[in-house]
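Visitor: In UniProt numbering, the protein residues as written are 1 to 397. Backbone N, C-alpha and C define an ideal beta-carbon position, used for all residues, glycine too.
1. Quick one: give me the first and last residue of the beta strand (DSSP E) that residue 172 is part of.
2. Taking the alpha carbon of residue 135 as the point to measure from, which residue in 113, 141, 142 has its own alpha carbon closest?
3. Counting beta carbon pairs with one atom in the region 184-192 and one in the region 298-310, are three or more of them shorter than 8 Å?
4. When DSSP labels each residue in this structure, what does residue 326 get in the three-state scheme?
5. Look at the Cβ atom of residue 355, then the Cβ atom of residue 302, and state whether they are nearer than 7 Å.
6. Taking its Cβ as the centre, do 16 or more other Cβ atoms sit within 10 Å of residue 279, making it buried, or is it exposed?
7. In its own chain, which residues sit with a C-beta less than 6 Å from the C-beta of residue 285, not counting the 5 before and 5 after it?
8. Tell me the start and end of each unbroken beta strand (DSSP E) in the region 235-266 that is at least 3 residues and wholly inside, in chain order.
9. Among the residues of its own chain, which have a CB less than 6 Å from the CB of residue 282, if the five just before and after it don't count?
10. Figure out for me which residue from 269, 346, 249 has the closest Cα to the Cα of residue 11.
11. Sort 300, 7, 60 by Cα distance to residue 401 and report the nearest one.
12. Output the distance between the C-alpha atoms of residue 362 and residue 269, rounded to the nearest integer angstrom.
13. What's the C-alpha gap between residue 108 and residue 18?
14. Tell me the DSSP secondary structure of residue 58 in three-state form.
15. Could you tell me the alpha carbon to alpha carbon distance between residue 223 and residue 245, rounded to whole angstroms?
16. Report the residue from 124, 68, 155 whose alpha carbon sits nearest the alpha carbon of residue 373.
17. In three-state DSSP terms, what is residue 381?
18. Output needed for residue 331: all residues of its chain with C-beta closer than 8 Å, excluding positions within five of it in sequence on either side, in chain order.
19. For residue 6, which of helix, strand or coil comes out of DSSP?
20. What residue ranges within the region 261-295 form continuous alpha helix (DSSP H) runs of no fewer than 4 residues, ordered along the chain?
21. In the structure shown, what three-state DSSP assignment does residue 104 receive?
22. Would you mind giving the Cβ-Cβ distance between residue 252 and residue 155, rounded to the nearest angstrom? I have them listed as a contact below 8 Å.
23. Can you pull the DSSP bridge partners for residue 182?
24. I'd like the list of long-range same chain contacts for residue 33, defined as Cβ closer than 8 Å, with 5 residues on each side in sequence excluded.
25. For residue 423, which beta-bridge partners are listed by DSSP?
26. Could you spell out the range, first to last residue, of the alpha helix (DSSP H) harbouring residue 353?
27. Could you give the first and the last residue of the continuous beta strand (DSSP E) run that contains residue 224?
28. What are the residues that DSSP puts in a beta bridge with residue 165?
29. State the Cα-Cα distance for the pair residue 79 and residue 366, rounded to the nearest angstrom.
30. Do three or more CB pairs link the region 87-100 to the region 52-61 at distances below 8 Å?
31. Tell me whether the beta-carbon of residue 236 lies closer than 7 Å to the beta-carbon of residue 221.
32. Quick one, which of 241, 240, 226 has its alpha-carbon nearest residue 234's?
33. Taking 7 Å as the cut-off, decide whether the C-beta atoms of residue 177 and residue 51 are in contact.
34. If you check the beta carbons only, do residue 153 and residue 175 fall under 7 Å apart?
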């Protein structure tokens, strides 16, 4: 994220002495992507950031997946996964249930009312979409206040924790990459500034505004990292709390972006999904479909035309409004549709005709398209609507 920010106290020049009021040195840490060759930030700690006193195995939640075979479209009902009696004992980190995944990205869901432990994902960046509820996300860079409709973008190895707030539980949809996530390159100048034709810009991105300072000792952090047999976990105990940063600056940090700040691109006839793109990662993209005026050609058909996913799996999470193209399929709030590569899909029978003359769609959905096949996680298998694959044919008879 090549958008410079500065928070707290930093020295006038990098890699030089920085002292407190009693002349004690702060400890500089570089957090950077791609070695020393991409975006980075410099953080200034009161204590040595690598001082650990213990390291133990952490058994991470189940990440096993099952192939989508025989190939078929699927409907997953996420709101069935977490009964109300589980909310108070579930946190956003350890309570996630894997819905879909491959070697590039994992999609998980959780409903939580409990604070999470300190957590660091050392395998890739995370985007967590807040379907409903509110929370404070405390990070090594400072706190973020999040609410319904926020994307929370957390860089690789950023230590953080989730603290749900308010009376309602936090419903969160996690997109975990095995690499980095960024705005689409076509939205940016060659120097990294958002262009005039981008549907959002720097003003819509909200990073931490102040440091978090804690004096706690012997603090445990859960670390998800790569192992010889895939993902694995470690419990690291630090001599001092990681939230001891007095200041930082740079272009790498966590931030929020509200889906409600995305300005939709529309046209006289139906626009293809890339106009809805909001982020991209290695071998996948993230799009959002927001309330918008639709096609205004006199002969337009506003719902999508039928299309074949030649090179990708299309995963749509329905999280607001009323999605016109899926009426009659059983899909509703909290649903995910899985339309895999090799399957031609489109609107449900009747939606094509009903959309003619419609001027506005009141819908909210987050879409992930992957360029390698996705497999089903235990969460996805547990909440499948087995009848969905046949709905186009049954409604047509």
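Guide: On the basis of the coordinates in this document:
1. Counting from 1 along the chain shown, the entry for residue 172 is found at position 172. 170-177 is the span of the beta strand (DSSP E), which, as asked, contains residue 172.
2. As a position in the chain shown, residue 135 is number 135, starting the count at 1. Checking every option, the nearest Cα to that of residue 135 belongs to 113.
3. no
4. As a working note, residue 326 is residue 326 in the chain shown. If DSSP states are grouped into helix, strand and coil, residue 326 belongs with the helices.
5. Reading the chain shown from its first residue, position 355 is the one you call residue 355. Reading the chain shown from its first residue, position 302 is the one you call residue 302. Against a cut-off of 7 Å, the Cβ pair of residue 302 and residue 355 comes out as a contact.
6. Here residue 279 refers to the residue found at position 279 when the chain shown is read from its first residue. Classification of residue 279: buried, given that the 10 Å Cβ count is 16 or more.
7. Sequence index remark: in the chain shown, residue 285 carries index 285 (1-based). Excluding sequence neighbours, residue 285 sits near 277, 369.
8. 245-250, 255-258
9. As a working note, residue 282 is residue 282 in the chain shown. Cβ neighbours of residue 282 beyond the five flanking positions: 104, 179.
10. Counted from its first residue, the chain shown places residue 11 at position 11. The residue with the shortest Cα to Cα distance from residue 11 is 249.
11. With the chain represented from 1 up to 397, any question about residue 401 goes unanswered, as that position is not in the structure.
12. Working through the chain shown from its first residue, we reach residue 362 at position 362. Working through the chain shown from its first residue, we reach residue 269 at position 269. Approximately 18 Å, taken between the alpha carbons.
13. Translated into the one-based positions of the chain shown, residue 108 becomes position 108. Translated into the one-based positions of the chain shown, residue 18 becomes position 18. Whole-angstrom Cα-Cα distance: 41 Å.
14. Position 58 of the chain shown holds residue 58. Three-state result, residue 58: coil.
15. In the chain shown, counting from the first residue as 1, residue 223 sits at position 223. In the chain shown, counting from the first residue as 1, residue 245 sits at position 245. Their backbone Cα atoms lie some 19 Å apart in a straight line.
16. Within the chain shown, numbered from 1, the residue matching residue 373 stands at position 373. Checked all of 124, 68, 155; the closest Cα to residue 373 is 68.
17. For this step, residue 381 is matched to residue 381 along the chain shown. Here residue 381 sits in helix by DSSP.
18. On the chain shown, residue 331 is found 331 positions in, with the first residue counted as 1. Contacts found: 75, 318, 323, 337, 388.
19. For this step, residue 6 is matched to residue 6 along the chain shown. Correct three-state label for residue 6: strand.
20. none
21. Position 104 of the chain shown, counting from 1, holds the residue named residue 104. Looking at residue 104 - three-state DSSP - the assignment turns out to be coil, as it is neither helix nor strand.
22. Working through the chain shown from its first residue, we reach residue 252 at position 252. Working through the chain shown from its first residue, we reach residue 155 at position 155. Confirmed, Cβ separation roughly 6 Å.
23. Mapped onto the chain shown, residue 182 falls at position 182. Answer by DSSP bridge pairing, in chain order: 280.
24. Position 33 of the chain shown, counted from the first residue, corresponds to residue 33. Answer for residue 33: 39, 40, 155, 156, 180, 252, listed in chain order.
25. Residue 423 is absent from the structure shown; the chain starts at 1 and stops at 397.
26. Sequence index remark: in the chain shown, residue 353 carries index 353 (1-based). First-last of the alpha helix (DSSP H) with residue 353: 351-354.
27. Position 224 of the chain shown, counted from the first residue, corresponds to residue 224. Element bounds for residue 224: 217-227.
28. Position 165 of the chain shown holds residue 165. For residue 165, which the question treats as bridged, DSSP gives the partners 134.
29. Indexing the chain shown from 1 puts residue 79 at position 79. Indexing the chain shown from 1 puts residue 366 at position 366. Rounded to the nearest angstrom, the two C-alpha atoms are 16 Å apart.
30. yes
31. Taking the chain shown and counting its residues from 1, one reaches residue 236 at position 236. Taking the chain shown and counting its residues from 1, one reaches residue 221 at position 221. Cβ distance < 7 Å, so residue 236 and residue 221 count as in contact.
32. Locating residue 234 in the chain shown gives position 234, where the first residue counts as 1. Per the Cα distances, 226.
33. Taking the first residue of the chain shown as 1, we reach residue 177 at position 177. Taking the first residue of the chain shown as 1, we reach residue 51 at position 51. Result no, Cβ atoms of residue 177 and residue 51 do not sit closer than 7 Å.
34. In the chain shown, counting from the first residue as 1, residue 153 sits at position 153. In the chain shown, counting from the first residue as 1, residue 175 sits at position 175. Cβ distance not < 7 Å, so residue 153 and residue 175 don't count as in contact.
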